[in-house]
DNA sequence: GTGGCTCCTTGAACCGGTTCACGGCAAGCT
DNA sequence: AGCTTGCCGTGAACCGGTTCAAGGAGCCAC
């Protein structure tokens with residue numbers, strides 16, 4: 001009586017063994033599709049297991065095979081920055097869309113300093129909590145690659161890692177979109193263009209800035225007008241204010257994410273400037289809200305959900321032992337002109 | 001040689017035992033602060049453990065004590081809806097801010113149907129992957145409570161659960177903010193006010209709609225003008241379009257989240273209406289971008305990060321065996337008037 | 001000197017799987 | 001007939017902790 005109402009007795013592999021009249025070794029072999037089990041016997045065991053509703057105990061399996069059946073994702077970001085940036089949530093959803101069809105789970109951490117990030121990595125690895133990591137937001141001389149290497153963890157890198165590796169790497173080419181943005185602006189007569197960029201310790205942020213500069217120079221535009229910011233709205237607003245203070249004011253500003261671009265528009269409005277009549281604004285990310293803004297934001301679309309899907313798939317393969325030599329090229333980001341960019345003001 | 005460069009040998013409890021010259025039982029007792037160990041011996045063991053860099057193996061401990069040392073969070077939402085809604089990401093960050101100081105981790109899942117949600121719950125529970133769940137977005141007759149009860153999992157509910165429970169419950173009172181919004185609108189002469197609400201299978205969405213209606217009626221306003229939508233931008237835009245088609249058009253629309261409100265503004269603009277001159281708009285959530293819009297969005301602020309913090313704290317206590325009888329009242333959401341609401345048009 | 005008590009310590013079982021090494025048996029080969 | 005070979009199946013060890021029941025040492029009282 002007490003038993004029935006109390007903690008539900010879970011069915012063990014030995015229960016299945018007893019019910020099928022074989023040893024638990026054989027049950028294990030049968031259920032893991034190992035050779036050395038007569039087909040007829042295997043079927044009987046599988047049927048019994050299903051009948052009893054057996055599912056493997058994760059901790060037990062984890063203990064004996066030293067696998068966690070989980071992957072980790074650590075965000076080194078302020079909660080504010082994380083929440084206001086859709087990229088990460090979409091990425092997570094993309095990862096999940098693959099994991100939920102496997103027996104793997106996603107363990108996430110949000111930390112607010114590189115020191116805490118380091119600890120999180122060590123903890124996840126040392127505790128045997130995960131079998132692999134998804135590394136995003138690559139930084140200059142990123143210390144995380146050494147961490148995973150030492151911990152013997154598999155990983156997937158979203159962006160070029162600083163060292164050669166046999167783990168999967170996802171990359172894409174932003175230059176095409178950047179070329180399109182610059183062409184779009186130049187065609188509309190813009191000659192004074194400024195940039196508000198992300199933290200320059202962040203490798204992709206740096207690369208993006210350089211690509212923009214290269215294209216600017218090719219069109220004879222002064223490429224030195226850029227301000228480093230932090231991807232937050234407040235940061236974007238402040239940077240924009242500074243840029244608008246310059247005497248020959250820029251006629252266009254390109255931002256490294258939409259959130260800063262929106263805040264930039266707000267800064268422009270509050271000075272009585274019209275967008276795009278007085279100043280053109282181009283973002284990056286294409287967050288949901290961008291197309292509903294007034295004016296709708298010209299920006300560059302990315303595919304974080306797909307990135308997540310592919311990243312999860314490849315990471316699982318890497319955990320399975322597969323080696324990767326070539327990076328995987330993802331579809332390029334694409335420029336989407338909308339209303340916030342137009343002809344340059346006189 | 002091969003050993004040294006290969007898989008790093010992790011230090012086990014028996015290594016500590018050998019080094020300290022005691023049995024592994026005693027090491028376990030000492031490290032778990034159990035009574036029955038001489039103080040001097042305990043110190044020696046702890047010192048040795050630290051010296052060797054021992055950390056407990058999670059799977060091993062999980063196996064013997066039937067604890068996962070993790071909590072679960074399942075989102076039943078489209079990736080799109082999840083990504084564009086800051087609430088969830090902030091909630092997650094809040095949970096993490098507590099968990100990272102414990103040995104607990106957060107396991108997240110994103111599913112797109114209630115059937116998949118059910119499977120996710122069963123899987124997390126059955127696999128022994130988590131010790132407790134965070135239940136958000138309560139629905140009418142929410143099936144998740146039965147799931148966790150049957151699985152014997154602890155949980156924390158963000159909102160009133162359908163049944164009596166000894167698990168922690170977080171609640172807050174929206175009526176104050178709603179009273180303020182309605183008063184604000186009425187004071188400015190609004191008599192025709194409409195609502196765009198969230199899915200009415202969602203219990204809090206329903207309650208919010210009813211509270212608004214109650215206040216409307218108290219001021220003699222027709223409370224029947226509401227449209228059910230889905231919290232997405234596309235949904236908000238469509239609902240707004242329908243509302244604006246009505247002949248005596250509403251002079252104000254209140255939305256159940258900011259994303260729909262922004263999309264609603266966009267719909268108004270595209271018909272040549274001005275905000276707030278021709279129509280006032282009030283949102284709900286206060287996402288980061290709201291204050292940077294043009295006009296800045298009048299809305300209601302919530303505290304998802306704090307909710308997460310408190311939820312995690314209480315859930316850990318519940319897992320520890322503590323029982324809760326009274327729900328915990330969180331600070332009330334607060335109305336923040338900005339530029340998108342103003343005097344009613346004639 | 002012996003019994004009884006407390007305090008500290010330990011061997012062994014257990015959690016629920018995986019896997020290694022071995023054994024029985026029938027078929028194939030010489 | 002004797003020996004190898006392959007297939008199928010099993011016992012036992014192992015993963016790294018926790019915990020129960022029992023054992024030894026030291027001390028006190030009778």
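Residue numbers (full-length UniProt numbering), protein chains in the order written: chain A, 1 to 346; chain B, 1 to 346.
Even for Gly, the Cβ is constructed at its ideal location relative to N, Cα and C.
Between which two residues does the alpha helix (DSSP H) holding residue 171 of chain A run?
Counting along the chain, residue 171 of chain A falls outside any alpha helix (DSSP H), though it belongs to the beta strand (DSSP E) covering 169–171.
Taking only beta-carbon positions, decide if residue 118 of chain A is within less than 8 Å of chain B.
Taking Cβ atoms only, chain B never reaches closer than 8 Å to residue 118 of chain A, which makes this a no.
Check whether the stretch 53–66 of chain A touches the stretch 60–76 of chain B, taking contact to mean three or more Cβ pairs, one atom from each stretch, closer than 8 Å.
Flag = yes, the stretch 53–66 of chain A and the stretch 60–76 of chain B touch.
If you run the structure through DSSP and keep just helix, strand and coil, what is residue 103 of chain A?
In the structure shown, residue 103 of chain A sits in coil (DSSP, three-state: anything other than H, G, I, E or B).
Should residue 77 of chain A be labelled buried (16 or more other beta-carbon atoms within 10 Å of its own) or exposed?
So residue 77 of chain A ends up on the buried side.
Would you report the Cα separation of residue 131 of chain B and residue 222 of chain B, rounded to the nearest angstrom?
Taking the Cα positions, residue 131 of chain B is about 48 Å away from residue 222 of chain B.
Please list, in chain order, all residues of the same chain as residue 105 of chain B whose beta carbon is under 6 Å from its beta carbon, the five residues on each side excluded.
For residue 105 of chain B, where only same-chain residues beyond five positions count, the Cβ hits under 6 Å are 70.
Boundaries (first-last residue) of the beta strand (DSSP E) holding residue 299 of chain B
Membership of residue 299 of chain B in the beta strand (DSSP E) is indicated by the continuous run 299–301.
Against chain A, which members of the stretch 42–60 of chain B pass a CB distance test of less than 7 Å?
If the cut-off is 7 Å between Cβ atoms, the stretch 42–60 of chain B has 55, 57, 58, 59, 60 near chain A.
From residue 304 of chain A to residue 184 of chain B, what distance separates their C-alpha atoms?
One C-alpha to the other measures close to 40 Å.
Any beta carbon of chain B sitting closer than 8 Å to that of residue 305 of chain A?
The beta carbon of residue 305 of chain A sits closer than 8 Å to some beta carbon of chain B.
Taking the alpha-carbon positions, what's the residue 227 of chain B to residue 247 of chain B distance?
Cα to Cα, the separation comes out at about 16 Å.
Identify the continuous beta strand (DSSP E) that holds residue 130 of chain A and give its terminal residues.
Note, residue 130 of chain A: premise wrong, no beta strand (DSSP E); not H, not E.
Take the Cβ of residue 325 of chain A as the centre, count every other Cβ of all protein chains shown within 10 Å, and call the residue buried at 16 or more, exposed below.
Taking a 10 Å sphere around the C-beta of residue 325 of chain A, we find fewer than 16 other C-beta atoms and assign the residue as exposed.
Anything in the stretch 264–275 of chain B with a Cβ closer than 7 Å to a Cβ of chain A? List those residues in chain order, please.
Hits within the stretch, in order: 265, 266, 269.
Beta-carbon separation of residue 365 of chain A and residue 268 of chain A under 8 Å?
This structure gives no information on residue 365 of chain A, because the portion of chain A shown stretches from 1 to 346.
Decide if residue 84 of chain B is buried, meaning its Cβ has at least 16 other Cβ atoms within 10 Å, or exposed.
It is buried - the Cβ of residue 84 of chain B has at least 16 other Cβ atoms within 10 Å.
Taking the straight line between their C-alpha atoms, what separation do you get for residue 211 of chain A and residue 180 of chain A?
Straight-line Cα distance between these residues: approximately 12 Å.
Using a Cβ-Cβ distance cut-off of 8 Å, determine whether residue 226 of chain B contacts chain A.
The C-beta of residue 226 of chain B comes no closer than 8 Å to any C-beta of chain A.
Rounded to whole angstroms, what is the Cα-Cα separation between residue 93 of chain B and residue 136 of chain B?
Rounded to whole angstroms, residue 93 of chain B to residue 136 of chain B spans 14 Å at the Cα level.
Residues that residue 72 of chain B bridges to, as DSSP identifies them:
Within the DSSP bridge table, the entry for residue 72 of chain B names B:107, B:133 as partners.
Pairwise C-alpha distance: residue 22 of chain A and residue 52 of chain A:
A straight-line Cα-Cα distance of about 15 Å links residue 52 of chain A and residue 22 of chain A.
Contacts of residue 194 of chain A in chain B (Cβ-Cβ under 9 Å)
Those within 9 Å of residue 194 of chain A in chain B number zero; the least Cβ separation is about 19 Å.
Excluding sequence positions up to five away, which residues of its chain have a Cβ less than 8 Å from the Cβ of residue 203 of chain B?
If we look at residue 203 of chain B and ignore the five residues flanking it on each side, its Cβ neighbours are 138, 139, 140, 142, 159, 160.
Residues bridged to residue 113 of chain A [DSSP beta-bridge criterion]
Residue pairing by DSSP places residue 113 of chain A in no beta bridge whatsoever.
On a CA-only basis, which of A:166, A:333, A:154, A:281 is nearest residue 240 of chain A? Give me that one, please.
Comparing Cα-Cα distances from residue 240 of chain A to each of A:166, A:333, A:154, A:281, the minimum goes to A:281.
Residues that residue 128 of chain B contacts on chain A, provided the C-beta gap is smaller than 8 Å:
Neighbours of residue 128 of chain B across chain A, judged by C-beta separation under 8 Å: 57, 58, 59.
Would you say the stretch 330–342 of chain A touches the stretch 111–131 of chain A, given that touching needs at least three Cβ pairs under 8 Å?
With the cut-off at 8 Å, the stretch 330–342 of chain A and the stretch 111–131 of chain A do not touch.
Just to make sure I have the definition right: I need the residues of chain B whose C-beta is within less than 7 Å of the C-beta of residue 63 of chain A. Which are they?
Correct list: 59, 60, 63.
Can you grab the Cα-Cα spacing for the pair residue 79 of chain B / residue 41 of chain B, in whole Å?
Taking C-alpha positions only, residue 79 of chain B is separated from residue 41 of chain B by approximately 54 Å.
How big is the Cα-Cα spacing for residue 214 of chain B and residue 284 of chain B?
Residue 284 of chain B has its alpha-carbon roughly 18 Å from the corresponding atom of residue 214 of chain B.
Please classify residue 147 of chain B: does DSSP put it in a helix, a strand, or coil?
The three-state secondary structure of residue 147 of chain B, taken from DSSP, is helix.
Name the one or two DSSP bridge partners that residue 228 of chain B has.
According to DSSP, residue pairing for residue 228 of chain B in a beta bridge involves B:197.
Cβ of residue 217 of chain B within 8 Å of Cβ of residue 194 of chain B?
Taking 8 Å as the Cβ cut-off, residue 217 of chain B and residue 194 of chain B do not qualify as a contacting pair.
What residues from the stretch 159–178 of chain A come within 8 Å of chain B, judged by C-beta to C-beta, listed N to C?
Flagged: no residues at all.
Separation of residue 133 of chain B from residue 153 of chain B, as counted between CA atoms
Straight-line Cα distance between these residues: approximately 7 Å.
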